[in-house]
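4 protein chains.
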Amino acid sequence: MLRGLTGAGLGRIESDERLIELAGANGFQAVDIDAYSLIERHGLEKARELLASNGVVIGSFGLPVEWRTTEEAFLEGLEKLARSAAAAAALGCTSCCTYILPSTDLKAARFMALATRRLRTCAQILGAYGIRLGLEFVGPHHLRTRWANPFIWTLEETLEWIDTIGESNVGLLFDAYHWYTNELAISDIEALRPDQIVHVHINDAPDVPVGEALDNGRIYPGEGVIDLEGFLRALAKIGYKGAVSQEILTAEAPNETPEELVKRSKSGFDKVFGAAGL
Amino acid sequence: MLRGLTGAGLGRIESDERLIELAGANGFQAVDIDAYSLIERHGLEKARELLASNGVVIGSFGLPVEWRTTEEAFLEGLEKLARSAAAAAALGCTSCCTYILPSTDLKAARFMALATRRLRTCAQILGAYGIRLGLEFVGPHHLRTRWANPFIWTLEETLEWIDTIGESNVGLLFDAYHWYTNELAISDIEALRPDQIVHVHINDAPDVPVGEALDNGRIYPGEGVIDLEGFLRALAKIGYKGAVSQEILTAEAPNETPEELVKRSKSGFDKVFGAAGL
Amino acid sequence: MLRGLTGAGLGRIESDERLIELAGANGFQAVDIDAYSLIERHGLEKARELLASNGVVIGSFGLPVEWRTTEEAFLEGLEKLARSAAAAAALGCTSCCTYILPSTDLKAARFMALATRRLRTCAQILGAYGIRLGLEFVGPHHLRTRWANPFIWTLEETLEWIDTIGESNVGLLFDAYHWYTNELAISDIEALRPDQIVHVHINDAPDVPVGEALDNGRIYPGEGVIDLEGFLRALAKIGYKGAVSQEILTAEAPNETPEELVKRSKSGFDKVFGAAGL
Amino acid sequence: MLRGLTGAGLGRIESDERLIELAGANGFQAVDIDAYSLIERHGLEKARELLASNGVVIGSFGLPVEWRTTEEAFLEGLEKLARSAAAAAALGCTSCCTYILPSTDLKAARFMALATRRLRTCAQILGAYGIRLGLEFVGPHHLRTRWANPFIWTLEETLEWIDTIGESNVGLLFDAYHWYTNELAISDIEALRPDQIVHVHINDAPDVPVGEALDNGRIYPGEGVIDLEGFLRALAKIGYKGAVSQEILTAEAPNETPEELVKRSKSGFDKVFGAAGL
Numbered sequence: 003m004l005r006g007l008t009g010a011g012l013g014r015i016e017s018d019e020r021l022i023e024l025a026g027a028n029g030f031q032a033v034d035i036d037a038y039s040l041i042e043r044h045g046l047e048k049a050r051e052l053l054a055s056n057g058v059v060i061g062s063f064g065l066p067v068e069w070r071t072t073e074e075a076f077l078e079g080l081e082k083l084a085r086s087a088a089a090a091a092a093l094g095c096t097s098c099c100t101y102i103l104p105s106t107d108l109k110a111a112r113f114m115a116l117a118t119r120r121l122r123t124c125a126q127i128l129g130a131y132g133i134r135l136g137l138e139f140v141g142p143h144h145l146r147t148r149w150a151n152p153f154i155w156t157l158e159e160t161l162e163w164i165d166t167i168g169e170s171n172v173g174l175l176f177d178a179y180h181w182y183t184n185e186l187a188i189s190d191i192e193a194l195r196p197d198q199i200v201h202v203h204i205n206d207a208p209d210v211p212v213g214e215a216l217d218n219g220r221i222y223p224g225e226g227v228i229d230l231e232g233f234l235r236a237l238a239k240i241g242y243k244g245a246v247s248q249e250i251l252t253a254e255a256p257n258e259t260p261e262e263l264v265k266r267s268k269s270g271f272d273k274v275f276g277a278a279g280l
Numbered sequence: 003m004l005r006g007l008t009g010a011g012l013g014r015i016e017s018d019e020r021l022i023e024l025a026g027a028n029g030f031q032a033v034d035i036d037a038y039s040l041i042e043r044h045g046l047e048k049a050r051e052l053l054a055s056n057g058v059v060i061g062s063f064g065l066p067v068e069w070r071t072t073e074e075a076f077l078e079g080l081e082k083l084a085r086s087a088a089a090a091a092a093l094g095c096t097s098c099c100t101y102i103l104p105s106t107d108l109k110a111a112r113f114m115a116l117a118t119r120r121l122r123t124c125a126q127i128l129g130a131y132g133i134r135l136g137l138e139f140v141g142p143h144h145l146r147t148r149w150a151n152p153f154i155w156t157l158e159e160t161l162e163w164i165d166t167i168g169e170s171n172v173g174l175l176f177d178a179y180h181w182y183t184n185e186l187a188i189s190d191i192e193a194l195r196p197d198q199i200v201h202v203h204i205n206d207a208p209d210v211p212v213g214e215a216l217d218n219g220r221i222y223p224g225e226g227v228i229d230l231e232g233f234l235r236a237l238a239k240i241g242y243k244g245a246v247s248q249e250i251l252t253a254e255a256p257n258e259t260p261e262e263l264v265k266r267s268k269s270g271f272d273k274v275f276g277a278a279g280l
Numbered sequence: 003m004l005r006g007l008t009g010a011g012l013g014r015i016e017s018d019e020r021l022i023e024l025a026g027a028n029g030f031q032a033v034d035i036d037a038y039s040l041i042e043r044h045g046l047e048k049a050r051e052l053l054a055s056n057g058v059v060i061g062s063f064g065l066p067v068e069w070r071t072t073e074e075a076f077l078e079g080l081e082k083l084a085r086s087a088a089a090a091a092a093l094g095c096t097s098c099c100t101y102i103l104p105s106t107d108l109k110a111a112r113f114m115a116l117a118t119r120r121l122r123t124c125a126q127i128l129g130a131y132g133i134r135l136g137l138e139f140v141g142p143h144h145l146r147t148r149w150a151n152p153f154i155w156t157l158e159e160t161l162e163w164i165d166t167i168g169e170s171n172v173g174l175l176f177d178a179y180h181w182y183t184n185e186l187a188i189s190d191i192e193a194l195r196p197d198q199i200v201h202v203h204i205n206d207a208p209d210v211p212v213g214e215a216l217d218n219g220r221i222y223p224g225e226g227v228i229d230l231e232g233f234l235r236a237l238a239k240i241g242y243k244g245a246v247s248q249e250i251l252t253a254e255a256p257n258e259t260p261e262e263l264v265k266r267s268k269s270g271f272d273k274v275f276g277a278a279g280l
Numbered sequence: 003m004l005r006g007l008t009g010a011g012l013g014r015i016e017s018d019e020r021l022i023e024l025a026g027a028n029g030f031q032a033v034d035i036d037a038y039s040l041i042e043r044h045g046l047e048k049a050r051e052l053l054a055s056n057g058v059v060i061g062s063f064g065l066p067v068e069w070r071t072t073e074e075a076f077l078e079g080l081e082k083l084a085r086s087a088a089a090a091a092a093l094g095c096t097s098c099c100t101y102i103l104p105s106t107d108l109k110a111a112r113f114m115a116l117a118t119r120r121l122r123t124c125a126q127i128l129g130a131y132g133i134r135l136g137l138e139f140v141g142p143h144h145l146r147t148r149w150a151n152p153f154i155w156t157l158e159e160t161l162e163w164i165d166t167i168g169e170s171n172v173g174l175l176f177d178a179y180h181w182y183t184n185e186l187a188i189s190d191i192e193a194l195r196p197d198q199i200v201h202v203h204i205n206d207a208p209d210v211p212v213g214e215a216l217d218n219g220r221i222y223p224g225e226g227v228i229d230l231e232g233f234l235r236a237l238a239k240i241g242y243k244g245a246v247s248q249e250i251l252t253a254e255a256p257n258e259t260p261e262e263l264v265k266r267s268k269s270g271f272d273k274v275f276g277a278a279g280l
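Protein chains in written order, with this note's numbering: chain A, 3 to 280; chain B, 3 to 280; chain C, 3 to 280; chain D, 3 to 280.
Below, the structure written as structure tokens:
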């Protein structure tokens with residue numbers, strides 16, 4: 003497994019380039035950034051060099067298509083997906099991710115039908131470039147009633163949905179926080195095949211009742227109550243070999259500098275990966 | 003268009019064989035019956051002769067797979083689908099239909115995902131035998147809240163769902179009663195292509211407020227308030243050439259004999275087809 | 003059916019804009035041009051006005067993706083497909099076409115597998131924008147042995163392939179020349195459903211043995227031996243309502259001016275459409 | 003990995019029941035037999051017990067659908083596929099396999115289109131029951147020209163084809179003999195993901211030039227020239243955990259008894275698995 007960073011959790015980090023440097027300088031092996039804009043700024047060769055010289059790869063990039071609102075917004079984003087996929091593939095990245103909000107103001111059945119069609123089309127385009135699409139189920143309880151109608155938030159429902167989408171390059175973005183807030187067990191991870199997992203997020207939860215853990219109330223790995231040792235050990239056991247990227251969503255940006263925060267992240271990773279014997 | 007009969011509306015009709023005879027004797031050109039059991043009872047050649055000698059074809063058969071409940075029930079039905087499809091194809095029938103209940107006790111989003119996958123598999127098997135799958139949206143208002151969660155009931159939602167299912171042999175079962183209870187217009191029919199319609203049901207509604215028209219409160223064509231002349235004219239205009247089968251769902255079976263009821267049906271068809279110039 | 007023009011057969015016509023004008027001035031209702039570049043030159047509103055003020059629509063545009071050679075070339079073209087589709091949709095065009103060469107230097111089975119996957123991906127992207135993909139089977143005998151291995155060239159093989167591609171928005175580009183060089187009958191057209199035909203090409207063949215009719219030896223409608231009256235009548239009979247676009251491929255560009263050639267085309271259309279009673 | 007047996011290589015073995023007993027008694031953990039007929043003979047519970055009491059599972063069953071000849075033959079087989087799949091699933095088997103002949107008397111491109119559609123339908127039905135479909139590429143040189151037109155026989159072509167079929171439950175049946183006769187390397191196995199392999203066959207080749215190794219000239223594992231140690235080590239390295247079933251195709255049935263032959267098989271397995279450290 004590759005230790006990875008996203009921008010979330012590093013405060014007011016100035017740029018993807020700085021993220022790449024800090025990641026490399028602190029023993030991380032992956033960063034989750036947008037390949038297309040990196041290539042636009044540097045050209046393909048320089049972008050490759052920038053990653054290589056810092057010893058990192060791109061772990062995953064966010065799906066640049068709005069599939070949750072209007073058909074117009076969807077089609078507009080779709081126009082750019084192939085070039086994003088081509089850019090990611092050119093930099094060796096094979097993973098693209100999006101998250102599923104657990105409730106919706108649309109009629110749930112209709113939204114499921116629309117979203118299935120839209121995500122299938124996204125997966126088909128990504129697949130042409132050898133890129134997989136990871137769907138992130140989102141566990142925090144407060145979001146299940148945040149919008150008018152319940153949508154889906156469990157691992158089981160998400161696996162069923164992946165089956166329904168029906169493209170072989172769709173799998174899970176498995177986030178420790180959503181595993182925790184869904185109150186899932188180690189055995190739920192062990193029941194997965196590694197090819198069902200496209201990407202992994204790691205972060206921790208404060209010591210509050212699980213039903214009160216807020217989506218933007220996350221803390222650094224190893225500083226909270228999630229059994230990240232068990233989480234990582236189970237992922238390793240089933241043979242997952244991809245990136246495990248920190249994503250700390252908080253209500254307010256932390257006050258420390260990115261340099262301080264990346265060291266805190268490193269300590270957290272050292273602690274939980276170490277405990278898991280990785 | 004072919005004038006067709008289902009068993010619904012003919013009272014206590016004793017058998018499919020009697021339905022075939024009555025249909026033929028009263029100028030109907032199609033019957034909606036199960037091909038597999040007909041062949042089982044008569045053999046393929048005799049079954050063909052029975053239909054041909056009465057001047058009728060099979061308009062459509064009901065999907066023999068339970069896709070609304072458990073996976074076990076679904077898979078059990080699926081085992082028999084290919085042979086049903088083969089039987090229908092052997093008798094020249096290319097249409098299979100199922101209806102969509104407008105509400106569900108399951109979580110709506112999850113049920114939509116499961117149902118999409120299941121109906122896609124059904125469509126794939128039917129497609130191998132050259133048979134199309136028609137989905138019937140169901141309009142009566144009382145059914146929209148009959149079960150805990152709203153599902154789908156409009157033409158628009160059904161067309162979107164057909165798109166999501168993503169198989170080229172899936173289309174609509176277009177029922178006059180659901181067109182009426184959805185308060186759709188002639189122009190909504192005229193906006194369709196004929197290949198989007200797999201099968202048509204015809205029946206009429208009593209003179210009650212549309213929101214109070216009950217699913218099992220249907221009456222004979224030409225005896226109620228639905229603009230069946232406009233309905234048929236629009237179908238003819240877009241080029242629909244398949245069967246238009248009477249389906250009269252009632253709370254209690256009518257008291258008349260099947261022989262009397264088929265004549266009443268014939269009168270109704272003569273009236274509304276005549277008015278439409280067909 | 004709409005009378006349409008492509009640039010092929012109008013000599014050294016200077017631009018798509020001139021094609022639009024000549025088409026409109028001579029009673030044609032459709033032009034086959036690239037929507038994306040038209041919008042790039044004029045903006046969306048002006049492009050719409052240009053078409054509307056000349057009384058023409060875009061009949062079809064050529065698939066801008068190279069699916070016959072390397073994966074690199076394919077993926078490069080694919081990057082631009084969504085924006086081409088979006089542009090076409092914005093101008094009301096719902097048809098995109100490509101042709102199938104009847105022989106190939108690649109191993110035929112392998113090429114069929116690659117081409118199936120690639121065209122499916124193209125169809126999926128086009129489908130998101132409501133655009134259909136028409137596949138043109140190519141009949142001239144000399145092309146069947148032009149490259150090392152036979153591929154496919156018959157109507158039957160093409161319909162089978164469309165089935166294999168498995169997307170509901172794929173159909174035929176039906177060209178009178180290939181209908182003729184495949185020695186097909188009126189009844190072969192009448193056996194089709196209108197939704198199986200995405201686009202139609204019209205042109206004529208010189209009075210040589212059919213096996214010697216060259217792909218780039220085509221002549222103007224009504225000047226040769228193809229039964230275009232029967233061709234058009236059959237298309238009308240099954241309910242085809244799209245564009246019928248002239249495409250005259252010749253070894254050398256004709257000497258007449260575009261203005262003279264469009265009048266010749268108009269005479270040809272008047273003759274064959276008139277004979278067909280259209 | 004599970005040590006497995008097929009009937010091929012055990013001489014005139016009388017029944018599947020005897021195969022199950024001999025397998026269990028000689029340390030094999032899997033047998034490749036038809037689940038449906040086993041259940042028909044014993045009932046579901048007894049069939050389960052028979053397997054369990056002998057310590058074996060079903061490794062894989064042969065696809066009971068003829069996809070290489072006429073549409074009629076295909077559809078006839080398809081009628082029975084769901085019940086075969088249901089039977090296999092009921093006995094815990096998740097793998098079904100078929101082989102690809104490297105040449106064909108049909109036109110290669112057309113056959114590829116037909117076969118793609120047919121195998122996709124098979125995969126869709128199998129997938130409903132949680133069963134994967136393994137495609138076996140066939141390497142012996144003499145078969146490449148055995149019929150009129152070359153089809154496909156390489157690993158690369160087969161992976162491309164699996165991509166084209168486009169169902170997530172399709173993968174490889176990886177046979178040591180075809181790996182050898184395609185002159186592939188250890189690194190070709192190591193480049194695969196475990197989920198790309200549905201099933202594995204093991205057997206050995208006589209010491210003749212590789213181009214002369216006959217499809218039905220196979221010998222027992224460990225008695226020939228194939229690097230089975232490297233083969234198994236590579237499969238283990240990438241994480242393949244399924245069955246590795248002996249399949250010895252020979253021109254004439256061996257003279258030894260099944261009891262003698264299974265011991266010979268056991269010795270071969272002990273030798274090559276032992277050498278591979280498994």
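Quick reminder that beta carbons are idealized off the backbone N, C-alpha and C, glycines included.
Nothing here was measured: the structure is a model prediction, and the numbers come from that model.
Scanning the segment 216 to 266 of chain D for uninterrupted beta strand (DSSP E) segments of 3 residues or longer gives 245 to 248, listed from N- to C-terminal end.
Residues are counted here when their Cβ sits less than 9 Å from a Cβ of chain D; for the segment 168 to 180 of chain A these are G168, E169, S170, N171, V172, given in chain order.
Counting every other CB atom within 10 Å of its CB across the protein chains shown gives C:G132 a total below 16, marking it as exposed. Segment contact: the segment 225 to 242 of chain B against the segment 256 to 274 of chain A, fewer than three CB-CB distances shorter than 8 Å; contact not assigned. In chain order, L145, R146, T147, R148, W149, A150, N151, P152, F153 place their CB closer than 8 Å to the CB of A:S105, counting only its own chain and leaving out the 5 sequence neighbours on each side. Taking the CA atoms as reference points, C:T252 sits about 15 Å from C:V140. In this structure, DSSP gives D:R14 a state outside helix and strand, which the three-state scheme calls coil. A Cβ-Cβ separation of about 5 Å places A:N56 in contact with A:I22 under the 8 Å criterion.
Look at the segment 147 to 158 of chain B: the residues with a C-beta under 7 Å from a C-beta of chain A are P152, F153, I154. Around the Cβ of A:S62, a 10 Å sphere holds 16 or more other Cβ atoms; the residue is buried. Look at the segment 63 to 77 of chain A: the residues with a C-beta under 9 Å from a C-beta of chain C are F76, L77. Non-local C-beta neighbours of C:W181 in its own chain, meaning closer than 7 Å and more than five positions away in sequence, comprise F233, ordered along the chain. What C:A130 touches in chain A, judged by beta-carbon distance under 7 Å, is L77, L80, T123, going in chain order. Chain-order list of chain B residues neighbouring C:R112: empty, with the shortest C-beta distance near 25 Å, by a criterion of under 9 Å.
The three-state secondary structure of D:R134, taken from DSSP, is strand. Below the 7 Å Cβ cutoff, chain D contributes no neighbours of C:L137, its closest Cβ being approximately 12 Å away. Across the set C:L137, C:G168, C:F271, the C-alpha of C:L137 shows the shortest separation from the C-alpha of C:T156. Pairing A:Q248 with A:G6 gives a Cβ-Cβ distance under 8 Å. With respect to chain B, the C-beta atom of A:L116 has a partner C-beta closer than 8 Å. The shortest C-alpha to C-alpha distance from A:G213 to any of A:I240, A:I199, A:N184 is the one to A:N184.
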